[in-house]
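So for the sequence shown, the numbering used here puts the first residue at 958; every next one is plus one. Below is one structure, written out as structure tokens, with a few remarks after it.
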Amino acid sequence: MRVPINDLSRSWQATDPDVQTAITRVAASGWYVHGPEHGAFEQELAQFVGLPHAVGVASGTDALELALQAVGCRSGGIVMVAANAGGYASVAAAKLGSHVIYADVDQSSLLMTPQSVKRCMGPGLDAVVVTHLYGNVADAQGIAQLCHEHGVPVIEDCAQAIGARSAGQHVGSWGDAATLSFYPTKNLGGLGDGGAVITSRSDIGATVAELRQYGWSHRYRIDRPGGSNSRLDEIQAAVLRVGLRRLNDRNRARERVLSQYSAALESSPIQLARSREGGVHHLAVLILPTGASRASARELFANMGIATDIHYPIPDHRQAGLPPPAWETDLAVTESASERILSIPCFPELTPDEVEWVCQGLNRLTRSLVT
Ligand SMILES: *Cc1c(COP(=O)(O)O)cnc(C)c1O
């Protein structure tokens, strides 16, 4: 058996009538950017996440950049991010000329916490980005409370967590604004790039809506400085509307996969990166015990035909193409975890046989570690 880490062709069947209809409808309409599909998608998305404003943009990284810009990040200012979240927030901050500082993460969830944010607080902080990594829910409420006491805005990066809730609230509703990516592998993925900023603050929603289109307040009238072109196109919007209708079911399918992995690891020294509540499981990420060889673990899975990956292999502070942080912080957990994390297959269309086979892999790996 071969189990891929993901297989997008299973989620968007070439023959899917809903997708075909959506694409054909747009192609025949003669309206390809910011038309009726885009407007409808923004409304349906806002409704889904329970926030009044959703603004479509061209990617999740653009969403971060525009949201940071909208909350007042400026060249020479500082943005706090986690160093284990793929580098997207650091790239967005660097584009704005902001410096970054890195907050460490919790050792079982691998998420930023109010405590780790508090330890890194310092002068010149323009914003904090908290990432709901792997679909797990960070304590964004606690982080926002702490930051707001210091007058610092919070952006929630929900690129991996759309559909996740905690205490009845959708992720993205605690910060000043939140960002989404519709990159094809995300829980709500399109047939190309896309992203959105969601927010309860109408000032931020309006600013991002201007920034994404040249700084226009009205057609051909540039009132806002710093604008660019970052639009979500009509075909993506139409396809994402179909995806949005299926999202809760597909998230539940991921949840079923994760519970089986979780059961297989019940008395194993291997942990699954999970938050205490909520979560939608974008990725299934193992945390191997200290001292275990990740290379051997990968080989064991590879010999069984099971694909693995590492999210992410290089923490931001070790990336050659990112500027050094404004000041050094303690990143002991980030450092240690980056050597011990391993992603195993997790997508809604995994078959029961495939999940069972991965569970057998987990059992074999556990046995190899305890003997
Ligand atoms: C994918 C991702 C992004 C970036 O989204 P793109 O659409 O690829 O630009 C940002 N943050 C997180 C956590 C992501 O997983």
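Just so it is clear, CB atoms sit at the ideal spot from N, CA and C, and this is done for glycine as well. Bear in mind the structure is a predicted one, so any value in this text is a computation, not a measurement.
- Taking C-beta atoms as the reference points, Leu1201 and Phe1005 count as a pair closer than 8 angstroms.
- For Ser1174, the uninterrupted beta strand (DSSP E) run begins and ends at Trp1173 to His1175, by DSSP.
- Distances taken from the Cβ of Thr1164 to the heavy atoms of ligand 1 include none shorter than 7 angstroms.
- The region 1189-1236 contains, as complete alpha helix (DSSP H) runs of 4+ residues, the segments 1191-1221 (chain order).
- Distances taken from the Cβ of Leu1204 to the heavy atoms of ligand 1 include none shorter than 7 angstroms.
- Counting of Cβ neighbours within 10 angstroms places Gly1092 among the buried residues, the total reaching 16 or more.
- A Cβ-Cβ contact shorter than 8 angstroms links Thr1286 with Ala1060.
- The continuous beta strand (DSSP E) containing Ile1155 extends over residues Gly1152 to Thr1156.
- Under the 8 angstroms Cβ criterion, the region 1008-1023 does not count as touching the region 1058-1076, having fewer than three qualifying pairs.
- Taking C-beta atoms as the reference points, Arg1211 and Cys1303 count as a pair closer than 8 angstroms.
- From the listed residues Ile1100, Val1327 and Leu1021, the smallest Cα separation to Ser1224 is found for Val1327.
- Here the distance from the Cβ of Tyr1059 to the nearest heavy atom of ligand 1 is not below 7 angstroms.
- When rounded, the separation of the alpha-carbon atoms in Ser966 and His1107 is 47 angstroms.
- Sorting Pro1110, Tyr1045, Ser1016 and Trp1131 by C-alpha distance to the C-alpha of Gly1099 places Trp1131 at the top.
- Secondary structure at Ile980: helix, using DSSP grouped into helix, strand and coil.
- Residue ranges of uninterrupted alpha helix (DSSP H) with 4 or more members, entirely inside the region 1292-1328 and ordered along the chain, are 1309-1327.
- Ligand 1 has no heavy atom closer than 7 angstroms to the beta-carbon of Gly1183.
- Between the region 1264-1278 and the region 1182-1199, the count of C-beta pairs closer than 8 angstroms stays below three; the two stretches do not touch.
- The shortest CA-to-CA distance from Ser1123 to any of Asn1144, Pro1246 and Ala1097 is the one to Ala1097.
- If you draw a 10 Å sphere on the C-beta of Gln1102, you find fewer than 16 other C-beta atoms in it, and that means exposed.
- A distance below 6 angstroms between beta-carbons, with the five flanking residues on each side excluded, links Glu999 to the following residues of its chain, in chain order: Ala1011 and Gly1013.
- For Glu1113, the enclosing beta strand (DSSP E) has its first and last residue at Val1111 to Asp1114.
- Within the same chain, and ignoring the five residues on either side of Leu1288 in sequence, the residues whose Cβ sits closer than 8 angstroms to its Cβ are Ala1040, Tyr1059, Asp1061, Pro1272 and His1274.
- Within a 10 Å sphere around the beta-carbon of Asn1320 sit fewer than 16 other beta-carbons, which makes this residue exposed.
- Residue burial annotation: Arg1207 is buried, with at least 16 other C-beta atoms found within 10 angstroms of its C-beta.
- Secondary structure of Gly1099 (DSSP, three-state): helix.
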